[in-house]
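Peer 1: Right, I'll just put the structure down here and ask away after.
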Amino acid sequence: MTVRADEVVFSKRKRLAISVLPGGKVVVRAPLRTSRAMIERFVNASQDWIEKAKTRMARLPLPGEVAMREGEMIWYLGKTYPLHLAPKVKGGLVFEPDKYFLLQSDQQSRGKQLLKALYRSETRRLASVMVEYYAARSGLKPTSVRINSARTRWGSCSMKGGVNFSLRLAMVPISCMEYIVVHELAHLRQHNHSSAFWELVGSILPGYQKERQWLKQFGLSLPLID
Ligand SMILES: [Zn+2]
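Here it is as C-alpha cells:
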C-alpha cells in the first residue's frame, strides 16, 4: 500500500523533507514551485522510512493543550510539576523550584499568557548564559538572541547572524536546550545540515545525539500553550 502526504507545506527552503507527526500525520515540506509530480516521486521513494516513522509516531500521544487547571501537571526543564491555585501570587504565576507552580485564582483566564511569559523569561535567562559560554569557547558569536513562540522549531538563525529560540525550550531538559543553543551557533558558520555542520556541533558538544534523540522522540508531544 502506498502512503501519501497528508499535508504539503510550501516555503522558501532548498530541499524537500518529510516528517511524520505524533498520531501519524505525514507532512511534506517543499521549496516554492515544486511540482506535484516531484513531490509524489519523493514520497514514493521514501515509503520504507515513512512506514517506520508512522509506526513509531502512532504510539506517541497527540499533544494536548495546557488548560491551567488546579492539579494539572506543567512542564519545566524536562519534568512536570503540579499547578496549584492560590488567592495571592506575586505577578500572578510563580514556579517554586522542585515543588509546584502557583497561579493566582482570579488570574486563571490569563494563565496561559502568564505561563508563556514565564517560559519566555526562563528561556531567555538560561539560553543567554549558554550562548555566552559557548560563544566564548567556539568563537561563534551571534549578533542578537531573540525568544519567539514557535511551535515546532526549537531554534533558528537569521541572515544577519542572530539566533532565535522558542520559549517552548523551557519545557525540555536543560541538556536539550544546550544542544539547541550549540546547534544554532554552529549554523552561524555552517548554514546547512552537512556532515561538516554535524562535525562542528560534535566538536563543541560531544554526545549531543542523546539530546537530539530526546527532542525527536518527545518534543512534538509536549503540550501546546495556545
Ligand atoms: Zn539546523
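Take 46 as the starting number for the sequence shown in the numbering used here and just add one per residue.
C-beta atoms are modelled at their ideal positions from N, C-alpha and C, and glycine is treated no differently.
1) Mind checking whether L159 and L128 have CB atoms under 8 Å apart?
2) Hey, which unbroken runs of the alpha helix (DSSP H) at 4 residues or more fall wholly within the stretch 223–252?
3) Over what stretch of residues does the beta strand (DSSP E) that includes S91 continue unbroken?
4) Who are the near neighbours of S150 in its chain, counting only those whose CB is closer than 8 Å to its CB and skipping five residues on each side?
5) Applying the 10 Å Cβ sphere with the 16-neighbour rule, what's the burial state of V246?
6) Based on the DSSP output, what are the partners of A131 in its beta bridges?
7) Tell whether a beta-carbon distance below 8 Å holds between V72 and A50.
8) Kindly list the residues whose CB is nearer than 8 Å to the CB of V134, restricted to its own chain and excluding five residues on each side of it in sequence; keep chain order.
9) Please report the residue range of the alpha helix (DSSP H) in which S173 lies.
10) Compute every distance between the C-beta of H232 and the non-hydrogen atoms of ligand 1, then say whether any falls below 7 Å.
11) Looking at I270 and V111, is the spacing between their C-beta atoms short of 8 Å?
12) Using three-state DSSP, classify L260 as helix, strand or coil.
13) Quick one: what does DSSP say S266 is sitting in, helix, strand or coil?
14) Would a C-beta distance cut-off of 8 Å place V217 and L260 closer than the cut-off?
15) When you compare each of G69, H238, K161 to R101 by their alpha carbons, which one comes out closest?
16) Is H129 near ligand 1, in the sense that its beta carbon is under 7 Å from a heavy atom of that ligand?
17) Here's the rule I'm using: 16 or more other beta-carbon atoms within 10 Å means buried, otherwise exposed. How should M175 be labelled?
18) Is A50 helix, strand or coil by DSSP?
19) Quick check: the stretch 186–204 against the stretch 220–236, are at least 3 beta-carbon pairs closer than 8 Å?
Peer 2: If we stick to the structure as given:
1) no
2) 240–249
3) No beta strand (DSSP E) contains S91, which DSSP labels as neither H nor E.
4) L130, A131, P132
5) buried
6) Q149
7) yes
8) L147, L148, Q149, Q152
9) 156–183
10) yes
11) yes
12) helix
13) helix
14) yes
15) G69
16) no
17) buried
18) coil
19) yes
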